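Chain order of the listed sequences is F and P.
Counted from 1, the first sequence has number 183 at position 184 by numbering that gives the first Met the number 0; the numbering is strictly sequential.
Counted from 1, the second sequence has number 191 at position 192 by numbering that gives the first Met the number 0; the numbering is strictly sequential.
There are 2 protein chains.
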Amino acid sequence: MPAKGALLAETADVVVAGGGVIGTAIAWRAAAAGFDVMLVDPDQDDAASLVAAGMLAPASEALFGEGALLRLNLLAVSRFASFAAELEEEAGRQVGLRREGTLAVAYDPGDYAALLRLTAFRRSVGLDAEEADSRACRKLEPFLAPDVHGGVLFAGDWSVDNRRYLTALREAARLAKVRLVPDSVLAVRAGDGRTRGVRLAGGGDVDSAHVVVAAGCWSGAVGGLPDPLRTVVRPVKGQLLRLRHPDGLPPVLSHTIRSIVRGTDVYLVPRSDGELVVGATSEERGPDRTVTAGAVHDLLHDAMSVLPVTSELILAETCAGLRPGTPDNGPVVGRCGPDGLLLATGHYRNGILMSPVTADAALALLSGQLPASEWEPFTPARFTGQDRPR
Amino acid sequence: MPAKGALLAETADVVVAGGGVIGTAIAWRAAAAGFDVMLVDPDQDDAASLVAAGMLAPASEALFGEGALLRLNLLAVSRFASFAAELEEEAGRQVGLRREGTLAVAYDPGDYAALLRLTAFRRSVGLDAEEADSRACRKLEPFLAPDVHGGVLFAGDWSVDNRRYLTALREAARLAKVRLVPDSVLAVRAGDGRTRGVRLAGGGDVDSAHVVVAAGCWSGAVGGLPDPLRTVVRPVKGQLLRLRHPDGLPPVLSHTIRSIVRGTDVYLVPRSDGELVVGATSEERGPDRTVTAGAVHDLLHDAMSVLPVTSELILAETCAGLRPGTPDNGPVVGRCGPDGLLLATGHYRNGILMSPVTADAALALLSGQLPASEWEPFTPARFTGQDRPR
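Okay, structure coming up:
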C-alpha cells in the first residue's frame, strides 16, 4: 500500500521511449495487437524523422560490403507499400508514397565510372537497374542539366513524404489508444533479471513488463542499458533543404534524383504537393543541429549543377537532424539486458524505410516470437558479446 | 451634428501612412514637436526596413552621375549620429551604430580596376578613401581570402542595426504619444484644394490637415495622389541573409565589407551581437517577396569567396524585402497635390541612412519652413511637372 500522499505508479504493458517513426510505428502496431502502450517523448518536433527526405532506396543506396544490410533493406521496401496502405486506411491520411523510381545520374566521366561500378555490384546481387545515357536521362527528366554524363534508373526505389508519414503514424497510434506522455525516459527499472518499467525525467515511475528504447541517437542516454550499448549509437548530423515551386511553375521533377557531382552525393526528392527536398550532409559533429552557411551553399550548388532550374525554386526551409549512426551502419534491434527490454535504434539513413519491418520485428519479440531472419545480423548482441536467444 | 448612430470621425494634426523607418521617424519627430500624430500601418512586420542591412554608406555607394544624391547622402550621414544619440536617449535602447568604417575589396584585377575608377571619382568629390593592398586588407580583416586583390577603406561609412533602429524609433514614437493604427490608408481626402484627412481601408475616416504618405513601394497605391506620382515608385526586390556566429567563434569581421566578386557586388555587415548580414540581390520582379534558391546560393558563394570562414557560420534567416525604387534612384520628398499633403518615399537603397534627414525635412514642411537645400532636386514636382513653391 503506497504511503499516504505518494503518487500511485502508472502502469502499461509496453513503454516506448521515443516518438519518431520507429517508436511511433512500434507503439501503433503493439497497440493494434492488443497491448496497452505508453509512448514517451519530450519533444515531438525534435525527431530526425521530421528532417528526413523519405527515400525508400535499397538499390540506389546499396554499397559494397553491406550485403546483410541490403537484404534487410530489400525486406523493408517489399513491406513498405502494404504497411503504408494499412496506415493510410487506419489514419485516414495519405502519406505521399511515390513509385516513379530513382534516377541516379553522374555529372562527369569520373562520377559515371563510379556509378557504373556500383551498378554492376547492385545487379550482381539481383537488383533491377537500367542504364540510361545522357539523352535518355533527359527524356525521363527534361530539366536535367545537358552536361549530365549519364545515369541509371532504379525503378524499385520509391519515396514517401516523411512528414505526412509520421503524422499518419501519430494519428494511427492515437486512434489505437496509445497514450502519449510528453516526457523523457530517464532510466529503465529492473529487478530479478526482469524489466519492471521506467523512471521518467519529470519524476514518477511507470510500471511495465516491456520497455522499447527507440530514442534514435539519444538511445544510449537512457539509464539501465547494458554498458556496451550506451555508446553504440552516435549522432550523424544531416542538413537538408526544402524547396517549393513558385506559383505557376509546373513540377520540375517526377523521379527522385540521386546525383554524384564531382564525387559528392546530392539527392532531390519531389513531392506531389510541389515540395522538393534536397539533401543531405553527413557530419560527425556531435549533437549540433545548427544550419550552416557552407552546407546550404554546397547543397544548392550541387542541386543546381544537375538541375539548373532549382535556382528558380523558393527556399522554404533549411533544417538539420541527427541520424542515429552505428559502428557498422546497421540498426540495433532486439532484446538486451533484463528480460522485457528491447532496443530499436541505429537506423542511420534508413529509419523511414525500415520503420515497418522494425515494428514487425518488435511486435514479434513482444509476443515471444522470432523476427524475420534478415534481422539476425542486427541484434544488440553483436555489441555486447552476449549470445542470448532471440 | 453627425446623424444618430454615425461614427464620429477621428481627428489628428498629422496622419502618417507607413510604419517603416521613414514614416516612424517622421511620426516621432512631429509628435516631439507638438503635433498630434496618427501612424497608420497594416503590418509592422512587413516593412523593407526590417530586411535592410543598415549600411550608412554614402562614400562606398557613390556612383558616377549621381552628384545630387551623393550630396544628400552626405548630409544624411552627417546627421545620423546625433539623431541616433537622441533616439537612444529617448527610447532607452541602443541602435547598434558601428563606426569601424567600410572596407571595399576587389576579388580579381578587373574588379580592382573598377574599384579604383570609382575611388578616383569619389575622391574627386571630396570623399575620404584610403587604398589598401592585399596585405593591408588582411591586416584590417584577417579572415579575408588571401586572393582578395586589394581594397579601399572608407572610414566614414558606418552601419546601424536596422532592426534595433526601427524598434527604437517605434518605442520613441510610442513614448511621444504617436497613436498607432493597424490599418491601411485607402485614400487621401481633400476639398477646396486642401487636405482634409484620410479614408482607412478598414472603414472610417480620420480628419487631419496634414497627411504624409511614407508607404515605401506601396505609396502609389494610396488614392488621392496626383496621377504622375502613382507610378513613380516601384518595388525592387532585395534578398539577404542573416548569419550568426556559432558558440565560441570570435567575431570574424569588424568592418563592413563591400566586395566586387567578378563584377557582382556583395556586402557583409557585422553586428556587435554576433550577427553578420549578407546582401543583397536587386531584382525587378514586382511585389514578389519569395526567397529563391538561386539568390541564396549566389549570396553565399560570393560571401565565401571573400570571407571563406563564412561557411562555418549559422544561416539564421533568409529574407526578401521590397525597396521603393524611382526612375532616377532618388527619393521623393515634398509637397504634392492638395495643400497639406506630403510624400516621403522612394528612398530605394538608402532608407535607413536617410530617415533622420527625411524626418527633418518633413517636420520643416509641416511647420511651414524650407527643408535643407540638398532636398531641392528630390521634390515630387520633378515628376508632376508642377512648379510649386516648396
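Cβ atoms here follow ideal geometry from the backbone N, Cα and C, with glycine treated the same way.
Remember, predicted model here, so these are calculated numbers, not experimental data.
Does residue i pass the burial test, meaning 16 or more other C-beta atoms within 10 Å, or should it be called exposed?
i	result
F:D132	exposed
P:D359	buried
P:Q368	exposed
F:P269	buried
F:R261	exposed
F:V20	buried
F:V124	exposed
P:L121	Note that residue 121 of chain P corresponds to Arg in the displayed sequence, not to Leu. That one is buried.
P:K176	exposed
F:E88	exposed
P:D156	buried
F:G345	buried
P:P108	exposed
P:D301	buried
P:V13	buried
P:K138	exposed
P:A2	The predicted position of P:A2 is uncertain, since its pLDDT is 41 and thus under 50; a value taken from the coordinates is nonetheless stated next. Exposed.
P:G22	buried
P:R162	buried
F:R98	exposed
F:T118	buried
P:P330	buried
P:R169	buried
P:P370	buried
Which residue's Cα is closest to the Cα of residue i: the options?
i	options	result
P:L365	P:G53, P:P41, P:T194 and P:G203	P:T194
P:P41	P:S183, P:G100, P:I259 and P:P337	P:S183
P:A103	P:V210, P:Q238 and P:L152	P:L152
P:D297	P:P286, P:G285 and P:S281	P:S281
P:D312	F:N328, F:L306, F:P307 and F:G293	One point to set straight first is that residue 312 of chain P is Leu, not Asp, in the sequence displayed. Minimum Cα distance to P:L312 is reached at F:G293.
F:P307	F:G190, F:G350, F:P145 and F:D272	F:P145
P:A279	P:V205, P:I256 and P:A31	P:I256
F:L341	F:T10, F:V15 and F:A11	F:V15
F:L248	F:S77, F:F142 and F:G66	F:F142
P:N72	P:A58, P:T230, P:T263 and P:A84	P:A58
F:G336	F:T309, F:G66, F:G192 and F:I25	F:G192
P:L31	P:A220, P:E85, P:A67 and P:M54	In the sequence as presented, Leu is not what sits at residue 31 of chain P; that position holds Ala. Closest option to P:A31, Cα to Cα, is P:E85.
F:E9	F:D127, F:R178 and F:D45	F:R178
F:V197	F:G384, F:D35 and F:V39	F:V39
P:T166	P:I259, P:P376, P:T309 and P:D44	P:D44
F:K236	F:A11, F:D35, F:V205 and F:A51	F:A51
F:W374	F:S81, F:M54 and F:G66	F:G66
P:I411	P:F82, P:D226, P:E129 and P:R241	Since the first residue of chain P shown is 0 and the last is 389, residue 411 of chain P is not available in this structure.
Between which two residues does the alpha helix (DSSP H) holding residue i run?
i	result
F:H209	Per DSSP, F:H209 belongs to no alpha helix (DSSP H); it is in the beta strand (DSSP E), H209 to V212.
F:L369	Note, F:L369: premise wrong, no alpha helix (DSSP H); not H, not E.
P:C136	S133 to L139
P:E65	Unbroken run through P:E65: none, as it is neither H nor E.
F:L114	P108 to S123
F:V251	Neither: F:V251 is in no alpha helix (DSSP H) and is coded neither H nor E.
F:L298	A292 to V305
State the start and end residues of the unbroken beta strand (DSSP E) segment that holds residue i.
i	result
F:V265	T263 to P269
F:T325	F:T325 -> no beta strand (DSSP E), and no H or E assigned at all.
F:D204	D204 to D206
F:I334	Checking the sequence shown, residue 334 of chain F turns out to be Arg, not Ile. Per DSSP, F:R334 belongs to the beta strand (DSSP E) from V331 to R334.
F:E274	E274 to G278
Is residue i near residue j, with beta carbons less than 9 Å apart?
i	j	result
P:V212	P:G33	no
F:A75	F:P355	yes
P:R28	P:L362	yes
F:G222	F:L185	yes
P:T378	P:R334	yes
F:G149	F:L96	no
P:R381	P:D327	yes
P:A47	P:G320	yes
F:G324	F:R233	yes
P:C216	P:R284	no
F:A315	F:R243	yes
F:L239	F:V277	yes
P:T317	P:V290	yes
(message) Closer than 7 Å between beta carbons: that is the criterion. Which residues of the segment 175 to 194 of chain F meet it against chain P?
(response) none
(request) Identify each residue in the segment 297 to 331 of chain P for which the Cβ-Cβ distance to at least one residue of chain F is less than 7 Å, and report them in chain order. (result) Taking 7 Å as the Cβ-Cβ cut-off against chain F, the residues of the segment 297 to 331 of chain P that qualify are L299, H300, M303, T309, S310, E311, L312, I313, L314 and T317.
(request) Please name the residues in the segment 239 to 270 of chain P whose beta-carbon is closer than 7 Å to at least one beta-carbon of chain F, in chain order. (result) L242 and P245
(request) Would you list, in chain order, the members of the segment 268 to 297 of chain F that have their beta-carbon closer than 7 Å to a beta-carbon of chain P? (result) T289, V290, T291, A292, G293, V295 and H296
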